[in-house]
Each structure stands twice: as C-alpha cells, then as structure tokens.
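The structure under discussion appears below in the form of structure tokens.
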Amino acid sequence: MRKAMVLFTCLFVATAWASASGGHGEGNEPSVPDYILHHVADTNDFELEVPLSQPIHLGAIPPIRIGNCAPVMTDHGLVAPSGWSGLMGGCLDLSITKHTVMMWLAALLLLATIFIWSSRDKTKLVPRGTGANLIEMLVLFVRDEMAIKNIGKEDGPRYVPYLLTAFFFILFMNLLGLVPWMATATGNLAVTCGLALCTFFVTQAAGIRAAGLGGYLKHLTGGVHWSLWIIMVPVEILGLISKPFALTMRLFANMLAGHIVLFFLIGLIFILGHPAVAAVSVPFAFAIYLLELFVAFVQAYVFTLLSALFIGMAVATGHHHDDHGHADDHGHGHSELGPSHDHGKAHA
Amino acid sequence: MFLPNVLAASSLVSVQPGLIFWTLVTFVIVFFVLKAKAWGPILQLVEEREKQISAAIESAKRERAEAEKLLADQKTAISEARRQAAEETRRNQQEMEKFREELMAKSRKEAEELKLSARREIDEQKTKAIAEVRAMAVDLAMEVAGKLMSERMDDSKHRALAEQFVKGLPLSGSGNAGVRRSA
Numbered sequence: 000m001r002k003a004m005v006l007f008t009c010l011f012v013a014t015a016w017a018s019a020s021g022g023h024g025e026g027n028e029p030s031v032p033d034y035i036l037h038h039v040a041d042t043n044d045f046e047l048e049v050p051l052s053q054p055i056h057l058g059a060i061p062p063i064r065i066g067n068c069a070p071v072m073t074d075h076g077l078v079a080p081s082g083w084s085g086l087m088g089g090c091l092d093l094s095i096t097k098h099t100v101m102m103w104l105a106a107l108l109l110l111a112t113i114f115i116w117s118s119r120d121k122t123k124l125v126p127r128g129t130g131a132n133l134i135e136m137l138v139l140f141v142r143d144e145m146a147i148k149n150i151g152k153e154d155g156p157r158y159v160p161y162l163l164t165a166f167f168f169i170l171f172m173n174l175l176g177l178v179p180w181m182a183t184a185t186g187n188l189a190v191t192c193g194l195a196l197c198t199f200f201v202t203q204a205a206g207i208r209a210a211g212l213g214g215y216l217k218h219l220t221g222g223v224h225w226s227l228w229i230i231m232v233p234v235e236i237l238g239l240i241s242k243p244f245a246l247t248m249r250l251f252a253n254m255l256a257g258h259i260v261l262f263f264l265i266g267l268i269f270i271l272g273h274p275a276v277a278a279v280s281v282p283f284a285f286a287i288y289l290l291e292l293f294v295a296f297v298q299a300y301v302f303t304l305l306s307a308l309f310i311g312m313a314v315a316t317g318h319h320h321d322d323h324g325h326a327d328d329h330g331h332g333h334s335e336l337g338p339s340h341d342h343g344k345a346h347a
Numbered sequence: 000m001f002l003p004n005v006l007a008a009s010s011l012v013s014v015q016p017g018l019i020f021w022t023l024v025t026f027v028i029v030f031f032v033l034k035a036k037a038w039g040p041i042l043q044l045v046e047e048r049e050k051q052i053s054a055a056i057e058s059a060k061r062e063r064a065e066a067e068k069l070l071a072d073q074k075t076a077i078s079e080a081r082r083q084a085a086e087e088t089r090r091n092q093q094e095m096e097k098f099r100e101e102l103m104a105k106s107r108k109e110a111e112e113l114k115l116s117a118r119r120e121i122d123e124q125k126t127k128a129i130a131e132v133r134a135m136a137v138d139l140a141m142e143v144a145g146k147l148m149s150e151r152m153d154d155s156k157h158r159a160l161a162e163q164f165v166k167g168l169p170l171s172g173s174g175n176a177g178v179r180r181s182a
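Those sequence lines, one after another, are chains A and B.
All residue numbers for the first sequence refer to numbering that gives the first Met the number 0, where the first residue is 0 and numbers rise by one.
All residue numbers for the second sequence refer to numbering that gives the first Met the number 0, where the first residue is 0 and numbers rise by one.
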C-alpha cells in the first residue's frame, strides 16, 4: 500500500511538472489525439518515446515485399504497393512493423518464461516453486474450466495445447503492451484477426473431425430442402465467419480502448492546460492502468474461453448430427413432425 | 485538425495482410514449440499425477474397507471366542453337576444296596438263628421228651400216647420201633 502511494505521488508530481513545462513549446508539439493515435498505430519505423520531448528515432527495418512490387503512382507520389490493394496486384507486404516486433518479443518472452518455469525435475509429480506452480495452475485451469467443460471429456484434452498457446500468447502480448516503450500487438486488427483465424481453422478442423467431411458439409446446408440451400449455405457460412470476427473485434477493441483511455486521461492535463487537473486524471489513469492489467488477463481468458466454446459447438454439431440421423431413421415411420425434427430446426 | 485524426484512426482499423501472415506464422511456431516442449510434458505429468492420486485414493479406500472388514472379523472372532469360552465353561459346569449328581446317585444307590444287603444278611442271620434256635428247641424238647419218655413210660396216659404213636408209624420201619418202644 505504501509503495502504491509513493508511486502515485511520483506520477502525480511528474505529470504536473510535465504539463507546466509543456506549455512553453506550444505550436511545435503534436496535439494530444495525434500523439495518442500515433502511439497506438502500427508503423514501420521504431522510435523511443521520450517524455516532454521529441521521440528518438531508432531507425526503420527495410520493408520486405514479395511478388510484383514495382512502385505505383498514387496521389502521394510514387509508392510501393501495400496492404490488400497491393496483395490484389500480386505484392505481399511482409514488412516488419512495430507490432510484429512486439509480437515476436512476446513470443520469445513466452517461450523463455514457460521453459524456465516448466523445467523442473520431471520424475517428481508435484511442482515446486512459484513459477512451476503458477504454470500448472493455469494449465489446469485452461484444461478443466475451458477445454473439458466446453468441449467435453473425450474431445477436450485434444484441444488443450491450442487453447493454452492462445491464452498465454495473447496474455503476453497484452501484458507487454503495458510495459513502457512497448506496444500492444493485440491492439492491432491484423494480429487479432490472425489469432481469430487460428481459432477459425481449429474450429472447422474440429467440426470435420467430429462429423466427418460429409457431416460437416451437411451441417453447412442447415438440414433443409436442397432448394433452400442457396439461402441456407451463405447464412451458415456467415455464422461461421461471424464467430472469429467477434473474437477479432473484441480483443482489438478492448486492448486499444484501454490504452486510448489511459493516454487521454493523462492528455487531459495538457488539453486543459493546468497542473491541477493531474490531481484527478493521474489517479484515474493509475486506476485504468490497474484495470488494464486485469483486462489483459480477462481478454486472454475470454478469447480462449470463446475459442473453447466454438470448438465445443463444432464438436457437438458432429455428435448431434449422428444422433439426429438415428432419430430420423427411427421417426420416419411414425410422424413427420417429431421432436427430433424440431430439435434439428432449432439447432439450425 | 479533425480530418488528419480521422485519417490516422482509419489506419488503426486497416488490416495489413503481412501482419496477419506474421501472426499466423508466429502463432504456429509458438504452438508447435510449446506443444512439444512444454504443454505435452506438463499435461503428461499432470495426468500421471492425477492418475496416481486417484489410484492412491482408491487404494486407501480399499485398504480402509479391508481394515474395517478385518476389524469386524476380528471383533466377531473375539466375541465368538468369548461366547465359546462361556459355553465351554457352562458346559463344563453342567457336566460337573451332572457327574456329581451321578456320583451322588451312585453312592446313594450303593449305600442303599449296602443297607439292603445288610438287612438281608440280618434277616438271613435272624432266620438262621431262629431256625437254629428252633432246631435246638426241638432237640432239647426231644431230649427232654426222650428223658421223660424213658423215665415215665408206665403212666397209662403216656402208654396210650405211645401206643397211638406206634400205631401211627409206618408198618415196616416203625414195627421195630414199636417193638422197641413196646419192649
């Protein structure tokens, strides 16, 4: 508690002083929104943000482009094609950006942490020490509370390594974003999209594995008459895509929003131009920072939990189709509108 | 000032295919490395531990049940032994009682028999003695009679008696006697 108070006071004094001295160099300074958006944006060049002065440029990694990447004429002059438009033109832009580096850094930290903490006497079944216990606790949590509860006792353990990797990878990227001078890779749509794509692929694989390719494709038709397939199949595919889309947006928005709020609270001092604002905004920013620490865990948890849920749904679909088939065989002689039919429709 | 911000913000939501690619690559590498080097061994260890714990619990339960069974067996055995001992004692006592009674009955019978035989003996002796006394009395009487007869045979009354006696004697044997007596 005393430590927290000391930290608090330091933050307060520093920001108050910063706002007071920041008043001198007006005009040349970027506006607060510019600064924030620049901070959270993904760029090619690396810079060290220095409080109260211009950032120090650390240089840029030369862009990596694969394919037909001749510069094209645009409104801004002759530029190399990038992004999706570039990809359409046959040029894949694989440039190493700030967020790519952050992602790799998080990956390395993750590997190092896991290896250091999981390297123990393997002959002893009981872990010793904080690290080993912490890892085992989280592993068991992911296995018991997410995989087995949502996917099932038989199929659950198969997807535990994927869920664990997703959880820890996202967690480390989230936490790395809270370290000064680092950036949040999960605050980038492309990164969260890539992660959601992983879940998407795993979910489809789980569905095909549980129901077979035929059952999987049959499920895509929603179990309706073939003449309705032209409506049903796009709807089903939309349903498939909406899940990873939700994952993408949730993680991205949460991570980005927290950082923007944090910066705006600090920036409020400069916008309002009085050191006294710090008395309010610094405690708020501090609280938001703590909240962000919590959110880092929560979002990793939510992403993993939803992944497990989607995989569980895909697996259950396979099992359900088996049951449905049996019910149909059984119910054909008796009635057209048996409970199995209703159930199938409700599921579709 | 507003427009550049919006433009910058739009760059925030632009999805770079390159970064998606790097994310996928990084994720897949991290996944396989961790699966091979960390998750696999950890999960294996955890499963092994769970198996051992459940086995230990199971065996503890089994052993406890066994111990309880043994204890119950022991208890029943002890009570059985106790019961048997009590029965044995009871039976012994009963037997002893019976034996004693038998002995008593036997000795009583013997005493009775002894008494009986003694009485018989006494009776016998008494009878014998009476017979003896009677014989002696006859002899004495005979002697006295003999003496009387030899001395006072002249009396007419006695003469008649003797004659009557002689008459009553068998002919062959008693003739001599009669002769002797009459002589």
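Here a beta-carbon is modelled for each residue, glycine too, at the ideal position from N, C-alpha and C.
Problem set entry | Helix, strand or coil at A40(A) [DSSP, three-state] | Sequence index remark: in the first sequence, residue 40(A) carries index 41 (1-based). Residue state, collapsed to three classes: coil.
For this session: Could you check what DSSP says for A59(A) in three-state terms: helix, strand or coil?
Result: Position 60 of the first sequence, counted from the start, is the residue given in the question as residue 59(A). Look at A59(A) here: in three-state DSSP terms it is strand.
Exercise. By a C-beta neighbour count over all protein chains shown, 10 Å radius and 16 as the cutoff for buried, is K123(A) buried or exposed?
Worked result: Your numbering for residue 123(A) matches position 124 in the first sequence. For K123(A), the number of other beta carbons within 10 angstroms of its own is below 16, and it is reported as exposed.
For this session: Would you kindly check if the distance between the Cβ of I63(A) and the Cβ of I95(A) is under 8 Å?
Result: Walking along the first sequence from the start, residue 95(A) turns up at place 96. Walking along the first sequence from the start, residue 63(A) turns up at place 64. Yes, the Cβ-Cβ distance between I95(A) and I63(A) is below 8 Å.
For this session: Apply the 10 Å Cβ neighbour rule to F114(A) and answer buried if 16 or more other Cβ atoms are within range, or exposed otherwise.
Result: Position 115 of the first sequence holds residue 114(A). F114(A) comes out exposed.
Problem set entry | Closer than 8 Å to chain A by CB, K60(B) | In the second sequence, residue 60(B) corresponds to position 61, counting from 1. Under the Cβ distance rule, K60(B) does not count among the residues neighbouring chain A, no pair being separated by less than 8 Å.
For this session: Run down chain A in chain order and give the residues with a C-beta less than 8 Å from the C-beta of I41(B).
Result: Numbered from 1 along the second sequence, position 42 holds the residue referred to as residue 41(B). Against I41(B), the close residues of chain A are S117, I134, E135 and V138, in the order they occur along the chain (beta-carbon pairs closer than 8 Å).
For this session: Have a look at the DSSP bridge pairing and note the partners of D92(A).
Result: Taking the first sequence and counting its residues from 1, one reaches residue 92(A) at position 93. Per DSSP, R64(A).
Exercise. Under a Cβ-count criterion, where at least 16 other Cβ atoms within 10 Å of its own Cβ denotes burial, should E101(B) be classed as buried or exposed?
Worked result: Stepping through the second sequence from its first residue, residue 101(B) is reached at position 102. Exposed is the call here.
Exercise. If we ignore side chains and look at the alpha-carbon of each, how far apart do E291(A) and K97(A) end up?
Worked result: As a working mapping, residue 291(A) is identified with position 292 in the first sequence. As a working mapping, residue 97(A) is identified with position 98 in the first sequence. E291(A) and K97(A): Cα-Cα distance of roughly 21 Å.
For this session: Pick helix, strand or coil for L168(B), following the three-state DSSP scheme.
Result: Counted from its first residue, the second sequence places residue 168(B) at position 169. Here L168(B) sits in coil by DSSP.
For this session: Report yes or no: is there a C-beta of chain B within less than 8 Å of the C-beta of H98(A)?
Result: On the first sequence, position 99 is the one that residue 98(A) refers to. Put simply, the CB of H98(A) is near chain B, with a gap under 8 Å to one of its CB atoms.
Problem set entry | Extent of the continuous alpha helix (DSSP H) run through Y215(A) | Numbered from 1 along the first sequence, position 216 holds the residue referred to as residue 215(A). Where Y215(A) is concerned, the enclosing alpha helix (DSSP H) stretches over L188 to L219.
For this session: Kindly list, in the order they appear in chain B, the residues whose Cβ is closer than 8 Å to that of D92(A).
Result: Numbered from its first residue, the first sequence carries residue 92(A) at position 93. Taking a Cβ-Cβ cut-off of 8 Å, the neighbours of D92(A) in chain B comprise Q15, P16 and G17, given in sequence order.
For this session: Put E79(B) into one of helix, strand or coil per three-state DSSP.
Result: Mapped onto the second sequence, residue 79(B) falls at position 80. E79(B): helix per DSSP, three-state reduction.
Problem set entry | Local conformation of L357(A) per DSSP, three classes | Because chain A spans 0 through 347 in this model, residue 357(A) falls outside it and cannot be assessed.
Exercise. Does the distance from the CB of G266(A) to the CB of V31(A) come in under 8 Å?
Worked result: In the first sequence, counting from the first residue as 1, residue 266(A) sits at position 267. In the first sequence, counting from the first residue as 1, residue 31(A) sits at position 32. For G266(A) and V31(A), yes; Cβs fall inside 8 Å.
For this session: Within the same chain, show all residues whose beta-carbon is closer than 6 Å to that of H218(A), passing over the 5 residues directly before and after it, in chain order.
Result: Start at 1 with the first residue of the first sequence, and residue 218(A) comes out as number 219. Only T316 meet the Cβ criterion.
For this session: Can you tell me which of M101(A), G89(A), C68(A) and G88(A) puts its alpha carbon nearest to the alpha carbon of D44(A)?
Result: Counted from its first residue, the first sequence places residue 44(A) at position 45. Nearest to D44(A) by alpha-carbon distance, out of M101(A), G89(A), C68(A) and G88(A), is M101(A).
For this session: Measure from the C-beta of L237(A) to each C-beta in chain B and report whether the shortest distance is under 8 Å.
Result: Here residue 237(A) corresponds to residue number 238 of the first sequence, with the count starting at 1. By this cut-off, L237(A) is not an interface position.
Problem set entry | R119(A) beta carbon less than 8 Å from that of A105(A) | For the purposes of this step, residue 105(A) is taken as the residue at position 106 of the first sequence. For the purposes of this step, residue 119(A) is taken as the residue at position 120 of the first sequence. Between A105(A) and R119(A), the gap from beta carbon to beta carbon reaches 8 Å or more.
For this session: Within its chain, find whatever has a CB closer than 7 Å to the CB of H318(A); leave out the 5 residues flanking it on each side and keep chain order.
Result: Residue 318(A) sits at position 319 when you count from the first residue of the first sequence. Closer than 7 Å at Cβ, skipping near neighbours: A209.
Exercise. Can you tell me the Cα-Cα spacing of V276(A) and P282(A), whole angstroms?
Worked result: Reading the first sequence from its first residue, position 277 is the one you call residue 276(A). Reading the first sequence from its first residue, position 283 is the one you call residue 282(A). Their backbone Cα atoms lie some 10 Å apart in a straight line.
Exercise. For K36(B) and chain A, any beta-carbon pair shorter than 8 Å?
Worked result: If you number the second sequence from 1, residue 36(B) lands on position 37. Yes, K36(B) lies at the interface with chain A (some Cβ there is under 8 Å from its Cβ).
For this session: List the residues of chain A whose Cβ lies closer than 7 Å to the Cβ of E47(B), in chain order.
Result: Within the second sequence, numbered from 1, the residue matching residue 47(B) stands at position 48. For E47(B), the residues of chain A that pass the 7 Å Cβ criterion are L124, in the order they occur in the chain.
For this session: Given a cut-off of 8 Å, decide if N173(A) and A299(A) are closer than it, judged by their beta-carbon atoms.
Result: If you number the first sequence from 1, residue 299(A) lands on position 300. If you number the first sequence from 1, residue 173(A) lands on position 174. Cβ atoms of A299(A) and N173(A): closer than 8 Å.
Exercise. What is the residue span of the alpha helix (DSSP H) that P16(B) lies within?
Worked result: In the second sequence, the residue the question calls residue 16(B) occupies position 17. For P16(B), the enclosing alpha helix (DSSP H) begins and ends at P16 to L33.
For this session: Please say whether D41(A) and G17(B) have beta carbons closer to each other than 8 Å?
Result: Residue numbering aside, residue 17(B) sits at position 18 when the second sequence is read from its first letter. Residue numbering aside, residue 41(A) sits at position 42 when the first sequence is read from its first letter. For G17(B) and D41(A), no; Cβs fall outside 8 Å.
For this session: To the nearest angstrom, report how far apart L246(A) and F199(A) are at their CA atoms.
Result: If you number the first sequence from 1, residue 246(A) lands on position 247. If you number the first sequence from 1, residue 199(A) lands on position 200. One C-alpha to the other measures close to 10 Å.
For this session: Taking only beta-carbon positions, decide if L188(A) is within less than 8 Å of chain B.
Result: To locate residue 188(A), count along the first sequence from 1; it is residue 189. L188(A) counts as touching chain B.
Exercise. Within 8 Å (strictly less), CB to CB, does Q73(B) reach chain A?
Worked result: Numbered from 1 along the second sequence, position 74 holds the residue referred to as residue 73(B). False, the Cβ-Cβ gap to chain A never drops below 8 Å.
For this session: Please go through the same chain and pick out, in chain order, the residues whose beta-carbon is closer than 6 Å to the beta-carbon of T202(A), but skip the five residues on each side of it.
Result: Here residue 202(A) refers to the residue found at position 203 of the first sequence. Contacts found: F309, I310 and A313.
Problem set entry | Cβ-Cβ separation, F302(A) to I147(A) (assumed contact under 8 Å), whole Å | Counting from 1 along the first sequence, the entry for residue 147(A) is found at position 148. Counting from 1 along the first sequence, the entry for residue 302(A) is found at position 303. Not a contact, Cβ separation roughly 18 Å.
Exercise. Of all the alpha helix (DSSP H) runs that stay within the bounds of the segment 224 to 294 of chain A, which reach a length of 4 or more residues?
Worked result: 228 to 271, all fully within the segment 224 to 294 of chain A.
Exercise. Cβ of M0(B) less than 8 Å from any chain A Cβ?
Worked result: Along the second sequence, read from residue 1 onward, the residue named residue 0(B) stands at position 1. Low confidence applies to M0(B): its pLDDT is 46, below 50, so where it sits in the model is not reliable, and the reading given next is rough at best. Under the Cβ distance rule, M0(B) counts among the residues neighbouring chain A, one pair being separated by less than 8 Å.
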